[in-house]
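Undergrad: Chains as they are written, first to last, in the UniProt record's numbering: chain H, 1 to 260; chain G, 1 to 240.
All C-beta atoms in this analysis are idealised placements derived from N, C-alpha and C, irrespective of residue type, glycine included.
I'd like to ask you about the structure that follows.
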Ligand SMILES: Nc1ncnc2c1ncn2[C@@H]1O[C@H](COP(=O)(O)OP(=O)(O)O)[C@@H](O)[C@H]1O
Ligand SMILES: [Mg+2]
C-alpha cells in the first residue's frame with residue numbers, strides 16, 4: 001500500500017464483486033488510490049481489468065461492494081436482480097465527469113473536430129463558458145502536440161494522434177483521477193511511444209491515475225504501485241521493484257516471463 | 001393555327017393559360033411534402049427512440065404503428081386517415097359543442113403524409129442509431145452526460161450520416177405521395193393538372209408539364225441532399 005497516508009483518498013474501492021450471469025469476473029477487490037498515486041493494473045486478458053476500471057465510474061455496476069470518489073461514496077441500491085444500481089443518477093454523472101477516462105479504442109466523437117471533442121464535456125456537462133473552455137482546450141492540445149490538428153476530425157488522424165487527443169479530452173475536465181484502459185493496445189507499435197510519452201509526463205506530475213496496461217517496462221518506470229489481477233482477485237500487489245524484481249506468487253512469475 | 005400541334009399558350013401563367021394554376025398546385029404539393037416530412041421526422045425520431053429505449057408497452061405500440069402503416073397501401077391509409085380523421089374531429093367538436101369544424105385540406109394532408117412518413121422514418125432512424133459505434137455512446141456516459149444530453153449531443157448527430165440515404169429516399173417519396181391527396185380533392189399538382197387537362201383536352205401537354213415539374217422538384221432536392229450529406233459526413237475520412 002502507498003506509504004504517505006496523509007494524502008487524501010482519491011478512489012477507494014471496497015470488496016468489489018461483479019458477476020455477468022453465472023460468471024463471477026471480480027471476486028472481492030479492494031483498492032485505494034491516494035492523491036498522486038499512479039497505479040498500474042496488470043494481468044492476463046480476461047482477468048477482469050477493464051471490468052474493474054469500468055466499475056469505478058459505474059459504466060458497469062458492481063454486484064456488491066462499494067466505490068468512493070474523494071471520500072464520497074457512490075450511492076447504490078439493489079437492482080432487483082441480485083446486483084446493484086446507482087440510486088442517484090445525478091451523483092454518478094457528477095462524479096464521472098471528473099474522472100477522465102481514456103479508452104483502448106479512443107472513442108473520440110467522430111462528428112466533432114478534435115477541439116470540439118476536448119471542450120464538449122467542459123461546456124455541456126460542467127458548464128464552463130465556451131471561450132474559457134476553448135482557451136484551455138487549445139492549451140491542452142498544444143501540450144499533447146496536436147494544436148495544429150485542432151480543427152481536424154478524428155478519423156483523419158493516426159491512432160497515436162487520436163489517443164493523444166483523447167488524453168487531452170480527459171485532461172479538459174480537470175480530472176480528480178484518470179482511468180486508462182490499455183491506452184496503447186490498439187496502436188501500431190511505432191505509435192505506442194508517443195502516447196506513453198504523454199502518459200509518462202502526467203505520471204511525473206503526480207496526477208492520480210489508474211492505468212491498465214500490457215506495457216510492463218512502462219508500468220515499471222512510471223507506476224508508484226502495481227496490482228496484479230488474476231482470476232478476479234488481486235493476486236499480488238506492491239511497488240514496481242518488488243513486483244517485477246521479486247515476484248512471490250507462481251502466477252505472477254509466469255505472467256511476467258510470458259510478457260517479456 | 002394548325003401548324004402548331006402543341007398549343008404552348010395553354011401553359012401561360014395568366015388565364016386563359018393554366019400555368020399559374022399548375023404552379024399553385026406545385027406550391028401546395030411542396031407545402032404538404034415539407035410539412036408531412038417534418039412531422040414524419042418528429043414521429044420517426046420519437047418512434048425510433050421508443051423502439052430502442054422504451055419500455056415493453058412503448059415498444060409494442062411502436063411496433064404496431066410501423067407494422068400497420070407499412071402493411072396497408074398508402075392510398076387506403078390516406079382515404080382512411082382523411083375521412084376517419086375528419087369524422088373523429090367533427091364528432092369531438094360536436095361533443096364539445098362547437099358544431100362541425102372545417103378541416104383545412106392542407107392540415108389534413110400534412111397529417112396524413114406525416115403519419116405515413118413517420119412509420120418509415122422510425123425504421124430508418126432506428127437502423128441508423130444502431131449503426132453508431134457503442135464506444136461513442138460509452139464515452140458520452142463516461143464524461144457524465146445524461147441520457148437526454150447523450151442523445152442530443154452524440155447519438156443523433158452521429159447517426160445522421162447513416163440515416164441520410166434513407167431519409168433522402170423518404171423525402172422524394174413524400175413529394176410524390178402528395179399526388180395521392182388528389183383522391184380527397186386537395187388542389188395539389190396532380191389534381192389541378194387533371195382539371196386543366198380535362199378542361200382543355202390537352203392531356204399530353206399538361207401531364208408532361210406536371211411530370212416536368214415533379215422532375216424539377218426531384219433534381220433540386222438532389223442538389224440540397226448532396227449538400228447536406230457532405231456536411232453530415234465531414235467527419236468521415238473516406239467515402240465508404
Ligand atoms: N458485458 C459483459 N457481459 C458478459 N461478460 C463480460 C462482459 N464484460 C466482460 N465480460 C467477461 O468478463 C471477463 C473479464 O473481462 P474484462 O474485464 O474485459 O477483462 P480484461 O480487461 O482483463 O481483459 C471476460 O471473461 C469477459 O468475457
Ligand atoms: Mg480489457
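(1) Would you say residue 126(H) and residue 173(H) are within 8 angstroms of each other, going by their C-beta atoms?
(2) Give a single yes or no on whether residue 45(H) has its beta carbon closer than 7 angstroms to a heavy atom of ligand 1.
(3) Would you say residue 240(G) lies against chain H (beta-carbon separation less than 8 angstroms)?
(4) For a contact defined as C-beta to C-beta under 9 angstroms, what are the partners of residue 173(H) on chain G?
(5) Would you kindly work out how many angstroms separate the C-alpha atoms of residue 19(H) and residue 59(H), rounded to a whole number?
(6) Determine the closest residue to residue 183(H) out of 156(H), 246(H) and 106(H), with distance taken between C-alpha atoms.
(7) Since residue 210(H) sits in a beta bridge, which residues does DSSP pair it with?
(8) Buried or exposed: where does residue 54(H) fall if 16 or more other Cβ atoms within 10 Å of its Cβ makes it buried?
(9) So if DSSP puts residue 225(H) in a beta bridge, which residue, or which two residues, is it bridged to?
(10) Counting along the chain, where does the beta strand (DSSP E) carrying residue 30(H) start and finish?
(11) Indicate whether the contact test is met: 3 or more Cβ pairs, each with one atom in the region 25-38 of chain G and one in the region 180-191 of chain G, closer than 8 angstroms.
(12) Return the chain-ordered list of same chain residues with a C-beta closer than 7 angstroms to the C-beta of residue 90(G), the five sequence neighbours on each side being excluded.
(13) Pull up the distance between the alpha-carbon of residue 116(G) and that of residue 66(G), whole angstroms please.
(14) Can you find a CB in chain A that lies within less than 8 angstroms of the CB of residue 138(G)?
(15) On a CA-only basis, which of 44(H), 9(H), 136(H) and 31(H) is nearest residue 251(H)? Give me that one, please.
(16) Taking only three categories from DSSP, how would you classify residue 17(H)?
(17) In terms of alpha-carbon separation, which member of 77(H), 90(H) and 206(H) lies closest to residue 62(H)?
(18) Short of 8 angstroms Cβ to Cβ, which residues in the region 37-66 of chain H face chain G?
(19) Which residues does DSSP list as the beta-bridge partners of residue 236(H)?
(20) At what residues does the alpha helix (DSSP H) containing residue 126(H) begin and finish?
(21) Which residues share a DSSP beta bridge with residue 80(G)?
(22) Beta-carbon within less than 6 angstroms of residue 166(G)'s beta-carbon, same chain only, minus the 5 sequence neighbours each way: which residues are those?
(23) Determine which residues share a DSSP beta bridge with residue 225(G) and list them.
(24) Terminal residues of the continuous beta strand (DSSP E) containing residue 77(H)?
(25) Compare the C-beta of residue 157(G) against all C-beta atoms of chain H and say whether one is closer than 8 angstroms.
TA: If we stick to the structure as given:
(1) Yes, they are a contact pair.
(2) Checking the 7 angstroms criterion, the Cβ of residue 45(H) is within range of a heavy atom belonging to ligand 1.
(3) Confidence is the limiting factor: at residue 240(G) the pLDDT is only 43, short of 50, which leaves the residue's position unreliable, though a coordinate-based value still follows. Contacts with chain H at 8 angstroms (Cβ-Cβ) do not include residue 240(G).
(4) Chain G residues near residue 173(H): 143 and 144.
(5) Roughly 14 angstroms between the two C-alpha positions.
(6) For the set 156(H), 246(H) and 106(H), the Cα lying nearest the Cα of residue 183(H) is the one of 106(H).
(7) DSSP lists 39(H) and 179(H) as partners of residue 210(H).
(8) Buried, because 16 or more other Cβ atoms sit within 10 Å of the Cβ of residue 54(H).
(9) Answer is 39(H).
(10) Looking at the DSSP string, the run of the beta strand (DSSP E) that includes residue 30(H) is 23-34.
(11) Counting C-beta pairs closer than 8 angstroms gives three or more between the region 25-38 of chain G and the region 180-191 of chain G, which meets the contact rule.
(12) Excluding residues within five positions, the ones whose Cβ falls inside 7 angstroms are 100 and 101.
(13) Rounded to whole angstroms, residue 116(G) and residue 66(G) show a C-alpha spacing of 9 angstroms.
(14) Within the model displayed, chain A is absent; protein chains H and G are what it includes.
(15) When 44(H), 9(H), 136(H) and 31(H) are compared, the shortest CA-CA separation from residue 251(H) is found for 44(H).
(16) In the three-state reduction of the DSSP assignment, residue 17(H) falls in the strand class, which pools E and B.
(17) It is 77(H).
(18) For the region 37-66 of chain H, which is checked against every Cβ of chain G, the residues closer than 8 angstroms are 57 and 59.
(19) Answer by DSSP bridge pairing, in chain order: 228(H).
(20) Unbroken run through residue 126(H): none, as it is neither H nor E.
(21) DSSP output for residue 80(G) lists no bridge partner at all.
(22) Non-local beta-carbon contacts of residue 166(G) in its own chain, meaning distances under 6 angstroms to residues more than five positions away in sequence, involve 124 in chain order.
(23) None; residue 225(G) has no bridge partner.
(24) It spans 76-78 - the beta strand (DSSP E) in which residue 77(H) sits, taken as one unbroken run.
(25) Chain H places a beta carbon closer than 8 angstroms to that of residue 157(G), counting this residue as a contact.
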